[in-house]
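Asker:
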Amino acid sequence: AIRARLRRDRLASGERIVRVDASGQSAESVFRRLRGDGGLTEVEVRLTTGRTHQIRVHAAHMGYPVVGDPKYGAATTEKRYFGQRAPRLLLHAHRLRFPAAEDTVTVESAPPAAFARALEQQRAHDHD
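Quick note: the sequence shown, position 103, residue 1505 per the working numbering, numbers continuous.
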């Protein structure tokens, strides 16, 4: 689990971002490795809190930015694995649970095909 306080901020350009900052709001994310091949790792993240960009900022703070993240990611890492920037943010809400008064509502969605293609492309790049 990572516990790092998050604070909303604004860059000189006016762009809004979120930073890890001791004066920010408490935030906790529990990361669990599902599988990894080469430089990419598929993880499951359980949020204890729900802050803006929480997964993206916590992952980048740990040194493992989400692939395809133009705001908090690392273009040099993506180019090393793919030869270019990833085509999209490889972050997907596979399962969402909403507690209700009587029953919990759960919504599930399979990851997009772009995820499997990204892994295949990375494997091919590793073998070159």
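Ideal Cβ positions, reconstructed from N, Cα and C, are used throughout, including at glycine.
For a quick check, are the C-beta atoms of Val1447 and Val1432 less than 8 Å apart?
Answerer: yes
Asker: In this structure, does DSSP put Arg1497 in helix, strand or coil?
Answerer: It is a strand residue.
Asker: May I ask which residues mark the beginning and end of the beta strand (DSSP E) holding Val1468?
Answerer: Note, Val1468: premise wrong, no beta strand (DSSP E); not H, not E.
Asker: For a quick check, are the C-beta atoms of Gly1465 and Leu1491 less than 8 Å apart?
Answerer: Against a cut-off of 8 Å, the Cβ pair of Leu1491 and Gly1465 comes out as no contact.
Asker: Have a look at Arg1405 and Glu1504 and give me their C-alpha separation to the nearest angstrom.
Answerer: Going by the C-alpha atoms only, they are around 31 Å apart.
Asker: Residues bridged to Gly1438 by DSSP?
Answerer: Thr1443
Asker: Just the Cα atoms here: how many angstroms apart are Thr1454 and Glu1522?
Answerer: CA-to-CA, the gap between Thr1454 and Glu1522 works out to about 30 Å.
Asker: Rank Thr1450, Gly1416 and Arg1487 by C-alpha distance to the C-alpha of Val1468 and give the top, closest one.
Answerer: Of all alpha-carbon atoms in Thr1450, Gly1416 and Arg1487, the one lying nearest the alpha-carbon of Val1468 is that of Arg1487.
Asker: Hey, out of Leu1498, Val1509, Ala1476 and Pro1489, whose CA is closest to Ala1515's CA?
Answerer: Pro1489
Asker: Can you tell me which of Thr1443, Arg1519 and His1496 puts its alpha carbon nearest to the alpha carbon of Thr1508?
Answerer: His1496
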